[in-house]
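Colleague: Right, I'll just put the structure down here and ask away after.
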Amino acid sequence: MSGASRIYEKRLGDLDGLYRDSEAFAAEVSQRGADELVYVVHEQKYDSSPGALIIGTSTLLPGAVSTEFAMTRGHLHAVADRAELYHCLSGHGVMLLDTVDGDSLAVELTPGKAVNVPGHWVHRSVNVGEEPFVTLFCYSADAGQDYSLIERAGGMRTLIVKDGEGWSQIPNPDHRGYETAAN
Ligand SMILES: [Fe+2]
1 MSGASRIYEK
11 RLGDLDGLYR
21 DSEAFAAEVS
31 QRGADELVYV
41 VHEQKYDSSP
51 GALIIGTSTL
61 LPGAVSTEFA
71 MTRGHLHAVA
81 DRAELYHCLS
91 GHGVMLLDTV
101 DGDSLAVELT
111 PGKAVNVPGH
121 WVHRSVNVGE
131 EPFVTLFCYS
141 ADAGQDYSLI
151 ERAGGMRTLI
161 VKDGEGWSQI
171 PNPDHRGYET
181 AAN
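Heads up: the sequence shown begins at 1 in UniProt numbering, then just goes up one per residue.
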């Protein structure tokens, strides 16, 4: 289908506050430069109606800040009940998932694996490998994104950290709970 296409990029300097260790982050910025690319999203939208789909690819480069692996900012859809499919094309990553009321999941993704993220789940990609982590995504064109919910909560409930040659998940001590529509 033809339609508007969009590309957006996030560079290291755009991600202040994303990682817990602010000193390690500042050191990474001074070493790698604020302009170093962290992730790029290509997406295509033919229409903004509720039944239309946005499809695209997300490419998250490998790296870490202190023990935390490279990650996207993450979001809840502005229309919160909108679901999203992520299908791993290459690399090795984790889709980190939280509900606002207490459930959390870390879904490991390798090429050919997919995760069907239901509505009402906060989601973020994490690259736990040494190559770019590339996913194909697909979601409703009217979903939108709320990026500030995670920031107001002190981060997601779980951190994905280096563990020897692999990765593990640990509770985020800064997480103070998500705001809900009721509060
Ligand atoms: Fe999304």
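C-beta atoms are modelled at their ideal positions from N, C-alpha and C, and glycine is treated no differently. This structure is a prediction, so every number in the text was calculated from the model and none was measured.
Specify whether the region 140-156 and the region 121-131 touch according to this definition: at least 3 beta carbon pairs, one from each stretch, less than 8 Å apart.
Modeller: yes
Colleague: Regarding residue 139 and ligand 1, is the C-beta to nearest heavy atom distance less than 7 Å?
Modeller: Counting from one through the sequence shown, the residue named residue 139 turns up at place 139. Yes, ligand 1 has a heavy atom inside 7 Å of this Cβ.
Colleague: Using a C-beta cutoff of 8 Å, does residue 167 count as contacting chain D?
Modeller: In the structure shown, chain D cannot be found, because there is only a single protein chain.
Colleague: Count Cβ pairs between the region 28-46 and the region 54-74 that sit closer than 8 Å; are there 3 or more?
Modeller: The region 28-46 vs the region 54-74: in contact.
Colleague: Looking at the strands, I want to know which residues DSSP matches up with residue 163.
Modeller: Numbered from 1 along the sequence shown, position 163 holds the residue referred to as residue 163. Looking at the DSSP assignment, residue 163 forms a beta bridge with 166.
Colleague: First and last residue of the alpha helix (DSSP H) that includes residue 29?
Modeller: The residue labelled residue 29 in the question sits at position 29 within the sequence shown. DSSP places residue 29 in the uninterrupted alpha helix (DSSP H) bounded by 22-32.
Colleague: Sorry if obvious, but does the Cβ on residue 44 come closer than 7 Å to a heavy atom of ligand 1?
Modeller: Your numbering for residue 44 matches position 44 in the sequence shown. In this structure, residue 44 has its CB at a distance of at least 7 Å from all heavy atoms of ligand 1.
Colleague: At the level of alpha carbons, what is the spacing between residue 170 and residue 163?
Modeller: Taking the first residue of the sequence shown as 1, we reach residue 170 at position 170. Taking the first residue of the sequence shown as 1, we reach residue 163 at position 163. Answer to the nearest angstrom: the Cα atoms are 10 Å apart.
Colleague: Excluding the 5 residues preceding and the 5 following residue 143 in the sequence, name in chain order all residues of the same chain whose CB lies nearer than 6 Å to its CB.
Modeller: Here residue 143 refers to the residue found at position 143 of the sequence shown. If we look at residue 143 and ignore the five residues flanking it on each side, its Cβ neighbours are 77, 79, 82.
Colleague: Between which residues of its own chain and residue 100 is the CB-CB distance below 6 Å, once the five residues before and five after are set aside?
Modeller: The sequence position of residue 100 within the sequence shown is 100, counting from 1. These residues qualify, in order along the chain: 178, 180.
Colleague: With a Cβ-Cβ cutoff of 8 Å, do residue 132 and residue 60 count as a contact?
Modeller: One-based indexing of the sequence shown puts residue 132 at position 132. One-based indexing of the sequence shown puts residue 60 at position 60. In contact: residue 132 and residue 60 (Cβ atoms closer than 8 Å).
Colleague: For residue 161, which option in 64, 45, 102, 109 has the closest C-alpha, if you only look at C-alpha atoms?
Modeller: In the sequence shown, the residue the question calls residue 161 occupies position 161. Considering only alpha carbons, the answer is 64.
Colleague: Within the same chain, show all residues whose beta-carbon is closer than 8 Å to that of residue 172, passing over the 5 residues directly before and after it, in chain order.
Modeller: Within the sequence shown, the letter at position 172 stands for residue 172. Result list for residue 172: 20, 154, 155, 156, 157, 158, 159, in chain order.
Colleague: So residue 134 and residue 89 are supposed to be a Cβ contact under 8 Å. How far apart are they, rounded?
Modeller: Within the sequence shown, residue 134 is the residue found at index 134, counting from 1. Within the sequence shown, residue 89 is the residue found at index 89, counting from 1. So it is a contact: roughly 4 Å between Cβ atoms.
Colleague: Does any heavy atom of ligand 1 sit closer than 7 Å to the C-beta of residue 145?
Modeller: By one-based count along the sequence shown, residue 145 stands at place 145. Result yes, Cβ under 7 Å from ligand 1.
Colleague: On the DSSP bridge assignment, give the partners of residue 136 in chain order.
Modeller: As a working mapping, residue 136 is identified with position 136 in the sequence shown. According to DSSP, which records beta bridges pairwise, residue 136 is partnered with 57, 87.
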